[in-house]
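Residue numbers (the working numbering): 1184 to 1400.
No residue lacks a Cβ here, since even glycine has one placed at the ideal position from N, Cα and C.
Take a look at the structure below.
In structure tokens form, the structure reads like this:
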């Protein structure tokens, strides 16, 4: 193992917590309303489209249309991202183990703003692949291939870590990249290819990875 590919939302930053805070602050929603909207968004792969449709039904004055509201939420989300010291320590442990890191994330310009809000320096990564910049999104092989090329490693020398079974784990499986799914105490969907490892969160994943005899510099 020479490299680690890392998802952003739900892996390096707590997108759900940021979205909860954003919806409460900007839309004045109750806790129950917020959780229902988050469920819709998870089922919609985090596009914010389904969430925006339902949000406009609850608060018609928030925007002229679904696309505009979804765009506003994407722009506002980084403002609600909080740094997590445990994530910072996990990344430091990976780099000290001389593992090269790549960021592999779906999204647009707000993804880099989320990194900045989380106090994660872009220099931590030897390769950054953002779907909106590359023109390919997970689970497409091209975004993973670009990350591997940027790291200078083969598929079997890397590990993909992410919290989305369809995008992160199934996408990595297409190229036979070993993977670790972050469960956040959820059950893994039987319809997706099985990950190599399962961990609750990134710090636990790093514990498991660094304890493995597959790690070498």
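Using the three-state DSSP reduction, which class does residue i fall into: helix, strand or coil?
{"i": "residue 1233", "result": "helix"}
{"i": "residue 1363", "result": "strand"}
{"i": "residue 1293", "result": "helix"}
{"i": "residue 1370", "result": "coil"}
{"i": "residue 1390", "result": "helix"}
{"i": "residue 1336", "result": "coil"}
Rounded to whole angstroms, what's the CA-CA distance from residue i to residue j? Just pull it up for me.
{"i": "residue 1287", "j": "residue 1188", "result": "6 Å"}
{"i": "residue 1234", "j": "residue 1224", "result": "5 Å"}
{"i": "residue 1300", "j": "residue 1259", "result": "12 Å"}
{"i": "residue 1379", "j": "residue 1363", "result": "6 Å"}
{"i": "residue 1253", "j": "residue 1243", "result": "13 Å"}
{"i": "residue 1236", "j": "residue 1249", "result": "6 Å"}
With distances taken Cα to Cα, identify the nearest neighbour of residue i among the options.
{"i": "residue 1319", "options": "1227, 1350, 1367 and 1212", "result": "1350"}
{"i": "residue 1184", "options": "1380, 1361 and 1314", "result": "1361"}
{"i": "residue 1293", "options": "1322, 1261 and 1305", "result": "1261"}
{"i": "residue 1230", "options": "1289, 1209 and 1330", "result": "1289"}
{"i": "residue 1191", "options": "1232, 1298 and 1272", "result": "1298"}
{"i": "residue 1359", "options": "1322, 1214, 1211 and 1237", "result": "1322"}
{"i": "residue 1273", "options": "1266, 1387 and 1363", "result": "1387"}
{"i": "residue 1255", "options": "1291, 1379, 1271 and 1277", "result": "1291"}
{"i": "residue 1328", "options": "1355, 1278 and 1257", "result": "1355"}
{"i": "residue 1392", "options": "1303, 1257 and 1277", "result": "1277"}
{"i": "residue 1198", "options": "1370, 1275, 1246 and 1257", "result": "1257"}
Beta-carbon within less than 8 Å of residue i's beta-carbon, same chain only, minus the 5 sequence neighbours each way: which residues are those?
{"i": "residue 1367", "result": "1193, 1346, 1383 and 1384"}
To which residues of the same chain is residue i closer than 7 Å at the C-beta, ignoring the five residues directly before and after it?
{"i": "residue 1375", "result": "1348, 1349, 1352 and 1353"}
{"i": "residue 1217", "result": "1203, 1206 and 1207"}
{"i": "residue 1220", "result": "1206, 1234, 1237 and 1238"}
Given residue i, which residues of its chain have a CB within under 6 Å of its CB, disregarding the five upstream and five downstream residues?
{"i": "residue 1372", "result": "1348"}
{"i": "residue 1200", "result": "none"}
{"i": "residue 1227", "result": "1233"}
{"i": "residue 1266", "result": "1301 and 1302"}
{"i": "residue 1377", "result": "none"}
So, are the CB atoms of residue i and residue j less than 7 Å apart?
{"i": "residue 1196", "j": "residue 1264", "result": "yes"}
{"i": "residue 1285", "j": "residue 1334", "result": "yes"}
{"i": "residue 1283", "j": "residue 1309", "result": "yes"}
{"i": "residue 1312", "j": "residue 1332", "result": "no"}
{"i": "residue 1336", "j": "residue 1210", "result": "no"}
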